[in-house]
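Everything below concerns the one structure shown next.
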Ligand SMILES: [Zn+2]
């Protein structure tokens, strides 16, 4: 990285919204390194235990403690801190984190865990000589924790997917991801998306994109997201319409699709709902369905971008600028 700050492109949103795929494509860009759900995994001892029990590997296919990229770095986060993080850094603690973000200094309770996390990011930046670290941890609380660190230049890419597709996707087991009931997924979809929008006020830049729009033109979407973070965004020659060529990446947690390499298809899948469940999802999410243009019959919304911190420091820059 060219300056002292570590540029982090954080992919926020709800599970099964395409965040793992988007992070993989961004990680193929020259100067970008995708670390998967590192911010969440490293700060959540409970998640580490669950993933270990299911033998969830690194994106390279090896167990985390045998991966040449992660085996030493994960030890930089002491177990007691990751267990503390499981309690402190979670959705229900979002208000506390938001209050903490208004303080002039990092509050005492977050200093040790944040210092360890920044140390791991700094080691990744040093070792890979990357310009940007892509982290697809999804959870807004982990992004808010990162925003407390003066060493981090936080950019947020918020991915939204139709709740009908998300609920349908979670209704099926997928490798080490178990099926989840619709009510739980709807509650998470609400919380994850509303709180991801709240990150606008803390991030250097914020862009919201619908997964359905991303699959229509993935190359353009990846290039726009990269251009939010760096000048002269690198080319996306590995993406050819709805197909991309991807390599192995050292990613923590995430969707099992992360293990596929070579040519991959970029599509919206076959996840659909019908009948009463479809209308239950529509009615229980309708305010956000309208906001994100998912109400039956509504047209696509494109992506939206804002740079709140730039707005604060430079009045000539306008926020909330719709793109495409
Ligand atoms: Zn690995």
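In the working numbering, the protein residues as written are 25 to 348.
In this text, a Cβ means the ideal position worked out from N, Cα and C, and glycines have one as well.
Quick one: Cα of residue 42 to Cα of residue 295, how far? 13 Å
Out of 201, 211, 227, 154, point me to the one whose CA is closest to residue 182's CA. 227
Best match in 285, 195, 264, 143 for proximity to residue 102 [C-alpha to C-alpha]: 143
May I ask you to list the residues that DSSP assigns as paired with residue 287? 269
Would you list, in sequence order, the uninterrupted alpha helix (DSSP H) runs of no fewer than 4 residues that lie entirely inside the segment 25-52? 43-51
Would you say residue 187 touches ligand 1, meaning its beta carbon is less than 8 Å from a heavy atom? no
With burial defined as no fewer than 16 other Cβ atoms inside 10 Å of the residue's Cβ, what is the status of residue 282: buried or exposed? buried
List the endpoints of the continuous beta strand (DSSP E) containing residue 160. 156-162
When 273, 246, 254 are compared against residue 261, the one with the closest alpha-carbon: 246
Exposure of residue 28, with buried meaning 16 or more beta-carbon neighbours within 10 Å: exposed
Thinking just about the alpha-carbon of each residue, which of 231, 263, 138, 173 is nearest to the one in residue 239? 263
Can you check the segment 219-276 for any alpha helix (DSSP H) of at least 4 residues that lies completely inside it and give the ranges in chain order? 235-240, 242-253
Buried or exposed by the 16-neighbour rule on C-beta atoms within 10 Å, applied to residue 37: buried
Beta carbon nearer than 5 Å to a non-hydrogen atom of ligand 3: Ligands displayed in this structure: ligand 1; ligand 3 is not among them.
Using 8 Å for Cβ pairs, my map puts residue 33 next to residue 163. What's the rounded Cβ distance? So it is not a contact: roughly 15 Å between Cβ atoms.
When the Cα of residue 211 is compared with those of 110, 115, 93, 92, which residue comes out closest? 115
To the nearest angstrom, how far is the alpha carbon of residue 241 from that of residue 72? 35 Å
According to DSSP, residue 179 sits in a beta bridge with which residue or residues? 33, 229
Among 99, 217, 69, nearest to residue 315 - alpha-carbon criterion: 217
CB contact check: residue 261 to chain D, cutoff 9 Å: You won't find chain D in this structure, because it holds only one protein chain.
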